[in-house]
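Each position in the sequence shown, counted from 1, maps to that position plus 639 in our numbering. Glycine included, C-beta positions come from ideal geometry on N, C-alpha and C. Keep in mind the model is a prediction, meaning the values are calculated, not measured.
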Amino acid sequence: MNSPSAFNRALVEKYDCPGPRYTSYPTAPQFHQAFAMDEYREAARRSNQALVPKPLSVYIHIPFCQSLCYYCACNKIITRKSHRAAEYLTYLKREIVLQASLFDRTRKLTQLHLGGGTPTYLTHGQLAELMDCLHQSFDMDDSDAHEFSIEVDPRTIDAEQVRGLRQLGFNRLSFGIQDFDAQVQAAVNRVQSQAQVAALVAAAREARFKSVSVDLIYGLPLQTLASFDITLDKIIALRPDRIAAYSYAHLPQRVRAQRMIRPEDMPPPERKLELLELTINRLSEAGYIYIGMDHFALPDDELVRARGQGTLQRNFQGYSTHADCDLIGLGVSSIGKVGDSYNQNVKELSQYYARLDQGLLPVQRGYRLSDDDRLRREVISELMCHGRVDVGRIEAGHGICFSEYFADALAGLQEQVRDGLLQIHPDALVLLPQGQLMMRSVAMAFDAYLEAAPAVQYSRTV
Ligand code: SF4
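Dropping the structure here:
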């Protein structure tokens, strides 16, 4: 895959339509309640019986945050009552035991991600308790080849705690930064200094974390090109291994927290495009490689190597270097992916506790993929991870004639071909450098559900 060579504003604008981010296919709106606990157990049973069962990956959702960031559309609970975390941990441990009983103990847990909310809402002692429970319940990969990552809110943790995370086995950190400008930070109610973040990044380097990532958001209130340029200067000076730069979707009708943002502070729509252009140009000049879907990494980062070797994976956290795993989602609202199915836990804390009090798995809905879903998932994943679809491999793997099966999709992509986003050869589909930023508009051609579930419910590219 190539990086976007030059930013073509007219093309980005033309293809800037709402669409899924394809962290799963089919996407979450297709999940339904006919798939629940029993179907999930069955999926786990089948996954154990595979000729070579996949390694395991675990995602744990910690929903609590100490204060509300006004842009945030995540599933979170704002509270300063720390006893709520202790109560949640008790239930989480019950779920770990229930879930672990479904999977063969011989299957190694090689990947772990703690997300939120704010995982660092938990104290070091609580995180240690959580890791202990995982160790007792699963065969954890204790080599440093594992990928154990945690999202860090820099306002909740100090250098000592960063070292503590490394001792617990985490080897990847991701810091939520969003913007360093003081006015922007005040407008979104998330104030954190550059010095605070720099001290944590230095501590992470000293503690030999394998990878440090930072998250940025462009399109926030009061952001200007000049102010974001300074934020990018500061980020580049920190030299994180990975940078995710997300587009802010301002939807105050749907996201209550966003109503706290003053409408007059919002940048005009064309500014977002300029901010994206600035971000791509600055990060490219600084030596970062565009991985795809808002993600950048340094050339020696594993993500770049995996992309070059064709082993990059897409999952709910974005991109990953690890082999295809069965993903167990733990905690309120978590999503899992086991074999040919997806599952999601209940979204309300009270329901989560009630289910576990009854000794039941908190799975609320899910989806079992059909043959057609599996085929389309593979095509979309190839596009998103490698920018190339090997037609012969897909035909051999699924027993189809690609040009016939996808005749409508290929016809629908002619405009993208004319605009230089993509080439369609008899043996391969190849995303061109100009198409990298618009990869999901290409992937959408292979999505069988967009007509029934209009794309408008998704966010835009920019
Ligand atoms: S952005 Fe993160 S810390 Fe802020 S409210 Fe949302 S989940 Fe909590």
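Check	Outcome
Classification of L861 by the beta-carbon crowding that lies within 10 angstroms, buried from 16 upward	buried
Range of the contiguous alpha helix (DSSP H) that encloses I875	L864 to L877
R746 vs R805 beta-carbon contact at 8 Å	no
Complete beta strand (DSSP E) runs within the segment 757-845 (minimum length 3 residues, chain order)	786-791 and 811-817
Contacts around Y887, its chain only, beta-carbon distance under 7 Å, and the 5 residues preceding and following it disregarded	Y710, I856, Y857, G858 and L859
At least three beta-carbon pairs within less than 8 Å, the segment 1011-1019 to the segment 1033-1053	yes
Reference F955, options S973, R1027 and D939, closest by Cα	S973
Contact check, V827 vs I900, beta carbons under 8 Å	yes
Close beta carbons around R648, own chain, < 7 Å, minus the five adjacent residues each side	L912 and E916
Residue from F777, A884, D979 and V830 with nearest C-alpha to A936	A884
beta-carbon G957 near ligand 1 non-hydrogen atom, thresh 7 Å	no
Rounded distance between the beta-carbons of L695 and L620, thought under 8 Å	Because the chain is modelled from 640 through 1101, residue 620 falls outside the range shown and cannot be assessed.
N-terminal and C-terminal residue of the alpha helix (DSSP H) that R746 is part of	Where R746 is concerned, there is no enclosing alpha helix (DSSP H), given that its DSSP letter is neither H nor E.
Separation of E652 from E909, as counted between CA atoms	9 Å
K715 beta carbon near ligand 1 (any heavy atom closer than 7 Å)	yes
Nearest-angstrom Cα separation, counted from I717 out to T762	16 Å
Beta-carbon proximity check, I882 vs L922, cutoff 8 Å	yes
R829 beta carbon near ligand 1 (any heavy atom closer than 7 Å)	yes
L1008 versus P902: straight-line alpha-carbon distance, rounded	42 Å
Reduced DSSP secondary structure (H/G/I, E/B, other) of Q1055	helix
Opening and closing residue of the alpha helix (DSSP H) in which Q990 lies	L988 to D996
Cα-Cα separation between E1021 and A1067, rounded to whole angstroms	11 Å
Residues that DSSP places opposite D965 in a beta bridge	L695
Anticipated Cβ contact below 8 Å, E786 with G755, distance rounded	That belief does not hold up - the Cβ atoms of E786 and G755 are roughly 18 Å apart, past 8 Å.
Unbroken stretches of the beta strand (DSSP E), 3 residues or longer, contained in the segment 641-711	695-701
Status (buried if at least 16 other CB within 10 Å, exposed otherwise) for D1047	exposed
Selection from A673, H671, N687 and T666 that minimises the alpha carbon distance to C964	N687
Residue burial classification, Q948 (beta-carbon count within 10 angstroms, cutoff 16)	exposed
Exposed unless 16 or more other CB atoms sit within 10 angstroms - verdict on T729	exposed
Same chain only: Cβ atoms within 8 Å of I1019, ignoring 5 sequence neighbours per side	Y661, Y664, A1082, F1085 and D1086
DSSP state of D854 mapped onto helix, strand, coil	strand
V977 and P1001 closer than 8 Å at C-beta	no
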